[in-house]
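When we follow the numbering used here, the leftmost residue of the sequence shown carries the number 37, and every step to the right adds one.
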Amino acid sequence: MPCAFARVALNLPIADAFDYAVPPELRERLRVGCRVRVPFRSRQLVGYCVELLAAPSIEPDRVRGIIEVVDAEPLVDAAMLSLTRWVADYYACAWGEALEAALPAGVRSQATSRTVQIVEPALDDAHLRAAIAALPPRQRKRAAALDTLLSLKGEELTPQQLAQLAGCKAQVVHALRREGLVRYRPRVVTEHPVDDVEPEPPPAVELTDEQQQALDLIRERRKAGFAVVLLHGVTGSGKTEVYLRAIGDVVAEGKQAIVLVPEISLTPQTISRFKARFPRIAVLHSHLTPGQRYEQWLAIRNGQAQVVIGPRSAVFAPVPSLGIVVVDEEHENTYKQEDPAPRYHARDVAIVRAQRARALVILGSATPSLESFHNARRGRYAYALLAHRVRGLRMPPVEVVDMTEEMHETKRVVFISRRLEALMREALAADAQVMLFLNRRGYSTLVFCPRCKHALRCPRCQVPMVYHRRRNIALCHYCGEHLAPTGLCPACKVGQMRHFGAGTERIEDEIARKFPAYPLARMDTDTTRGRAAHQRLLDAFRCGATRILIGTQMIAKGLDFPRVTLVGVVSADSALYLPDFRAAERTFQLVEQVAGRAGRGPRGGRVVVQTSNPHHLSVLAAARHDYKLFAETELDQRRELGYPPFGHLLRVVVTAPASAAAEAKCRELASRLAPLSSPAPSAELQSPNPQSAIPNPQSHLEILGPVECPLANLKGKSRWQLLIKSPDRAGIRAAARALRPLAAGSAKLQVTLDIDPVSML
Numbered sequence: 037m038p039c040a041f042a043r044v045a046l047n048l049p050i051a052d053a054f055d056y057a058v059p060p061e062l063r064e065r066l067r068v069g070c071r072v073r074v075p076f077r078s079r080q081l082v083g084y085c086v087e088l089l090a091a092p093s094i095e096p097d098r099v100r101g102i103i104e105v106v107d108a109e110p111l112v113d114a115a116m117l118s119l120t121r122w123v124a125d126y127y128a129c130a131w132g133e134a135l136e137a138a139l140p141a142g143v144r145s146q147a148t149s150r151t152v153q154i155v156e157p158a159l160d161d162a163h164l165r166a167a168i169a170a171l172p173p174r175q176r177k178r179a180a181a182l183d184t185l186l187s188l189k190g191e192e193l194t195p196q197q198l199a200q201l202a203g204c205k206a207q208v209v210h211a212l213r214r215e216g217l218v219r220y221r222p223r224v225v226t227e228h229p230v231d232d233v234e235p236e237p238p239p240a241v242e243l244t245d246e247q248q249q250a251l252d253l254i255r256e257r258r259k260a261g262f263a264v265v266l267l268h269g270v271t272g273s274g275k276t277e278v279y280l281r282a283i284g285d286v287v288a289e290g291k292q293a294i295v296l297v298p299e300i301s302l303t304p305q306t307i308s309r310f311k312a313r314f315p316r317i318a319v320l321h322s323h324l325t326p327g328q329r330y331e332q333w334l335a336i337r338n339g340q341a342q343v344v345i346g347p348r349s350a351v352f353a354p355v356p357s358l359g360i361v362v363v364d365e366e367h368e369n370t371y372k373q374e375d376p377a378p379r380y381h382a383r384d385v386a387i388v389r390a391q392r393a394r395a396l397v398i399l400g401s402a403t404p405s406l407e408s409f410h411n412a413r414r415g416r417y418a419y420a421l422l423a424h425r426v427r428g429l430r431m432p433p434v435e436v437v438d439m440t441e442e443m444h445e446t447k448r449v450v451f452i453s454r455r456l457e458a459l460m461r462e463a464l465a466a467d468a469q470v471m472l473f474l475n476r477r478g479y480s481t482l483v484f485c486p487r488c489k490h491a492l493r494c495p496r497c498q499v500p501m502v503y504h505r506r507r508n509i510a511l512c513h514y515c516g517e518h519l520a521p522t523g524l525c526p527a528c529k530v531g532q533m534r535h536f537g538a539g540t541e542r543i544e545d546e547i548a549r550k551f552p553a554y555p556l557a558r559m560d561t562d563t564t565r566g567r568a569a570h571q572r573l574l575d576a577f578r579c580g581a582t583r584i585l586i587g588t589q590m591i592a593k594g595l596d597f598p599r600v601t602l603v604g605v606v607s608a609d610s611a612l613y614l615p616d617f618r619a620a621e622r623t624f625q626l627v628e629q630v631a632g633r634a635g636r637g638p639r640g641g642r643v644v645v646q647t648s649n650p651h652h653l654s655v656l657a658a659a660r661h662d663y664k665l666f667a668e669t670e671l672d673q674r675r676e677l678g679y680p681p682f683g684h685l686l687r688v689v690v691t692a693p694a695s696a697a698a699e700a701k702c703r704e705l706a707s708r709l710a711p712l713s714s715p716a717p718s719a720e721l722q723s724p725n726p727q728s729a730i731p732n733p734q735s736h737l738e739i740l741g742p743v744e745c746p747l748a749n750l751k752g753k754s755r756w757q758l759l760i761k762s763p764d765r766a767g768i769r770a771a772a773r774a775l776r777p778l779a780a781g782s783a784k785l786q787v788t789l790d791i792d793p794v795s796m797l
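Below is the structure:
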């Protein structure tokens, strides 16, 4: 007999699920996993039916009725319901938020072929730039939308796509249309295949002894069902070939594979490699249209895809029979979702999903996270080492240039050392290619008046604004606030503003001036906003049309260009002294990964690392390609301080219009945790009222703070934080359960609970 009530999870950060009555006319249609439209306060919302009930958990006369069953078939099966329930519990968010993250936007809208509106400038470039300059500061989002439209000339963008790229809402674009600054042009969209990447011809590959040993270990572990294998292979050691062989075993058994990659820019290259082996590939990432996402999702759910490739959200791909999950470059921070909730780590979700499906997980990296390396040392993960490159290629020698000494000798500020410039000339003269890495975009990182010491700071975030010369604006990289720079200091009205520091744009200008005969390209978020921009830049470099590639971390990993014989790290210091206990680890990983782009062909290669800290462990270990030296030294320091992997963290961030309000809320939350931080139970812990009692973990909690966040102001709001440390996960989960009832935000004050945080800023 159909149930008369249902439990519905909504995408709201206030509760896990609500009880609703099922009208008689909907009872035959409603099944667990379907979406339903329900009344909620004065609104109507779409949620997920997670359970059918014979009776509600509250008085029946208080239960409101379901308005509509949205789906003819359930979108979410029992396994995905269970996984999202775990995500909600572990990451301290609502079940509806976790379900929303598991379904791509195109699936939720079930988009098909349609007519869309394309945004075009209504004025010529000169008049549009004048209009941007005339906009008042309060209309910064309109200026950002117009500036983005100008920078992407030739791209066909809908209002929603333009708004997403500009960091605003579609209503801002509509307002620009009403004001006559942009116009809309209708276009009929017929969805086209997303796997239009040509497959790489499969080479006749004979495994090295190390690769064969790694594959044998993987096959042995698969016999037991669930297992995690850490594949630690130096850059160019053939990790991808091991992935392909292991996936081939799984596909031969009629099961499916999920391959996670850390950046969208890696996806075309990965697709090319995999299409050569497996004819039925599906991709899931945010650069697909909603219709493409829906088509891919349906193909995956129906078992038509052997391999699913995508960034972190692909961990939720609805494969019917999961056999293996590969997490490539498993150390990457981009696997952690920052905002909105759930703030999950795709690597850890992949392990939990594979455990439930009795599937295999391969974590691959040349620079494994210290958490994964520690788990391998403890025996929780199997460990396979690829210590040598394939085809007898050698790791490139690394030369460290002390930029403090360089500037002392040259008596001026330099961004490209004499040694790096000389080696560039040598490589280019030999018809080779060069890659230059700098993890900062823009032209200059500080606009400053030497006379009165005034710096251009974002009025909303209080951070230095970055000058972008191509767009002639000073831009805040956190909120999008922009200012039209002037030569005269706005503070003292006498001094001249000067530009200090360098981003990729400034390096591009300097290299163009020094090497005018060689075509170059810049790859960062400013030059890759278009849908196919990543691929165009990489294809031009791969075919040799571009000789010098300058970029941010987009070029630091996973890319294989045999003609690159020189890699220059313009500055290894950008992340080294951030107030984050992982700063040294990230610096080592980034330098080692960038260095790995050199010497992948028969010509060999070399690396130049420029730094003001040539004796720092991160730089020295990367220069020696010595992961073990770095990992063991860093792990010893983490052990002493109780930081991961020897402890667990919960970061609590309170955001409010005024610093005093944020601080007060932070202190309130800290006082709520005080009983948990004491090894002896308190009266509150012994309370007979289960609603007010805080579960007492066996472990001791350490509460750091409250203190202002390193980025104390963002988007016009003050930020304070607590950092809770515990030697085990139970303590962190108890703290999260204690804080969650107090974390209900409002329009003015927001509380964020971040389990296993990656960013400390």
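Note that beta-carbon positions come from the ideal geometry of N, C-alpha and C, so glycine has one too. No experiment lies behind these values; they were computed from the predicted model shown.
1. According to DSSP, is residue 788 helix, strand or coil?
2. With residue 791 and residue 40 assumed to form a contact (beta carbons below 8 Å), what rounded beta-carbon distance in angstroms separates them?
3. Please classify residue 723 as buried or exposed, where buried requires at least 16 neighbouring CB atoms within 10 angstroms.
4. Rounded to the nearest angstrom, how far is the Cβ of residue 348 from that of residue 328, given a contact under 8 Å?
5. Could you give the distance in angstroms between the alpha-carbon of residue 545 and the alpha-carbon of residue 206?
6. Of all the beta strand (DSSP E) runs that stay within the bounds of the region 57-133, which reach a length of 3 or more residues?
7. Which term fits residue 532, buried or exposed, when burial requires 16 or more other beta carbons within 10 angstroms of its beta carbon?
8. Return the chain-ordered list of same chain residues with a C-beta closer than 6 Å to the C-beta of residue 643, the five sequence neighbours on each side being excluded.
9. Give every residue of the same chain whose Cβ lies closer than 8 Å to the Cβ of residue 556, excluding the five residues on either side of it in the sequence, and list them in chain order.
10. For residue 163, count the other beta carbons within 10 Å of its own beta carbon; 16 or more makes it buried, fewer makes it exposed. Which is it?
11. Run through DSSP, which three-state label would residue 489 get?
12. Looking at the secondary structure, which residues open and close the beta strand (DSSP E) in which residue 438 lies?
13. Tell me the DSSP secondary structure of residue 734 in three-state form.
14. Does the region 58-75 touch the region 100-111, meaning 3 or more C-beta pairs lie closer than 8 Å?
15. Measuring only the C-alpha atoms, how far is residue 462 from residue 335?
16. Put residue 721 into one of helix, strand or coil per three-state DSSP.
17. What are the start and end residues of the alpha helix (DSSP H) that includes residue 761?
18. Mind checking residue 359: buried by the 16 CB within 10 Å criterion, or exposed?
19. To the nearest angstrom, how far is it from the Cα of residue 126 to the Cα of residue 409?
20. With DSSP run on the structure shown, which of helix, strand or coil describes residue 544?
21. Look up residue 345 in the DSSP assignment and give the residues it is bridged to.
22. Would you check if there are 3 or more beta carbon pairs closer than 8 Å linking the region 282-297 to the region 351-368?
23. Short of 8 Å in beta carbon distance, which residues of its chain neighbour residue 719, apart from the five on each side in sequence? Order them along the chain.
24. Run the CB neighbour count on residue 168, radius 10 Å, all protein chains shown included, and call it buried at 16 or more, exposed below.
25. Tell me residue 504's beta-bridge partners as DSSP assigns them.
26. Any Cβ of chain D within less than 8 Å of the Cβ of residue 534?
27. Mind checking who residue 471 pairs with in its DSSP beta bridge?
28. With distance defined between alpha-carbon atoms, name the residue in 121, 221, 767 nearest to residue 154.
29. Is there contact between the region 667-680 and the region 480-493, where contact requires at least three CB pairs shorter than 8 Å?
30. With respect to the alpha helix (DSSP H) encompassing residue 209, which residues constitute its N-terminal and C-terminal limits?
31. Helix, strand or coil, according to DSSP, for residue 275 in the structure here?
32. Give the DSSP bridge partners of residue 559, in chain order.
33. Just mark residue 242 as buried or exposed, buried being the case when its beta carbon has 16 or more other beta carbons within 10 Å.
34. Assign residue 743 to one of three DSSP states: helix, strand, or coil.
35. Under 8 Å by Cβ, that's how I've got residue 253 and residue 418 pegged, so tell me the actual separation to the nearest angstrom.
36. Which same chain residues end up closer than 7 Å to residue 176 when comparing Cβ atoms and leaving out the 5 residues on each side of it in sequence?
This is what the structure gives:
1. Of the three classes helix, strand and coil, the one that applies to residue 788 here is strand, per DSSP.
2. Cβ-Cβ separation between residue 791 and residue 40: approximately 37 Å, too far for a contact (criterion under 8 Å).
3. Bear in mind that a pLDDT of 33 at residue 723, under 50, signals an unreliable position, so the number given afterwards is only what the model happens to contain. That one is exposed.
4. So it is not a contact: roughly 18 Å between Cβ atoms.
5. Looking at the two C-alpha atoms, the distance is approximately 34 Å.
6. Runs of the beta strand (DSSP E) spanning 3 or more residues and lying entirely within the region 57-133 occur at 71-76, 79-89, in chain order.
7. A residue is called buried when at least 16 other Cβ atoms come within 10 angstroms of its Cβ; residue 532 does not meet this threshold and is exposed.
8. The residues are 432, 434, 603, 631, 634.
9. Closer than 8 Å at Cβ, skipping near neighbours: 544, 547, 548, 582, 583, 584, 585, 586.
10. The residue is exposed, with fewer than 16 neighbouring Cβ atoms inside 10 Å.
11. Residue state for residue 489 is assigned as coil, using DSSP reduced to three classes.
12. Residue 438 -> beta strand (DSSP E) spans 434-438.
13. Bear in mind that the predicted position of residue 734 carries a pLDDT of just 47, short of 50, making it unreliable; the figure below should be weighed with that in mind. When secondary structure is reduced to three states using DSSP, residue 734 falls in the coil class, being assigned neither helix nor strand.
14. Of all C-beta pairs linking the region 100-111 to the region 58-75, three or more are shorter than 8 Å, placing the two stretches in contact.
15. Spanning the two alpha carbons is a distance of roughly 50 Å.
16. Only weak support is given to the placement of residue 721: the predicted model assigns it a pLDDT of 32, under 50, and the value that follows is read from those uncertain coordinates. Of the three classes helix, strand and coil, the one that applies to residue 721 here is coil, per DSSP.
17. Residue 761 -> not in any alpha helix (DSSP H); beta strand (DSSP E) instead, spanning 753-762.
18. That one is buried.
19. Looking at the two C-alpha atoms, the distance is approximately 22 Å.
20. Three-state DSSP puts residue 544 in a helix.
21. In the DSSP assignment, residue 345 is bridged to 295, 319.
22. Touching, yes, given that three or more Cβ pairs across the two stretches are closer than 8 Å.
23. Any reading at residue 719 needs caution, since the residue's pLDDT is 33, under 50, leaving its predicted position unreliable; the model's value is listed next. For residue 719, where only same-chain residues beyond five positions count, there are no Cβ hits under 8 Å.
24. With 16 or more other Cβ atoms within 10 Å, it is buried.
25. According to DSSP, residue pairing for residue 504 in a beta bridge involves 509.
26. Included in the structure is just one protein chain, with no chain D present.
27. DSSP output for residue 471 lists 585, 603 as bridge partner(s).
28. Here the closest residue by C-alpha is 221.
29. No, the region 667-680 does not touch the region 480-493.
30. From DSSP, the alpha helix (DSSP H) with residue 209 extends over 206-214.
31. It is helical.
32. Paired residues: 587.
33. Of the other Cβ atoms in all chains shown, fewer than 16 fall within 10 Å of the Cβ of residue 242; this residue is therefore exposed.
34. Residue 743: strand per DSSP, three-state reduction.
35. Yes, they are in contact, since the Cβ atoms of residue 253 and residue 418 sit about 6 Å apart, within 8 Å.
36. Here the set comprises 516, 517, 518.
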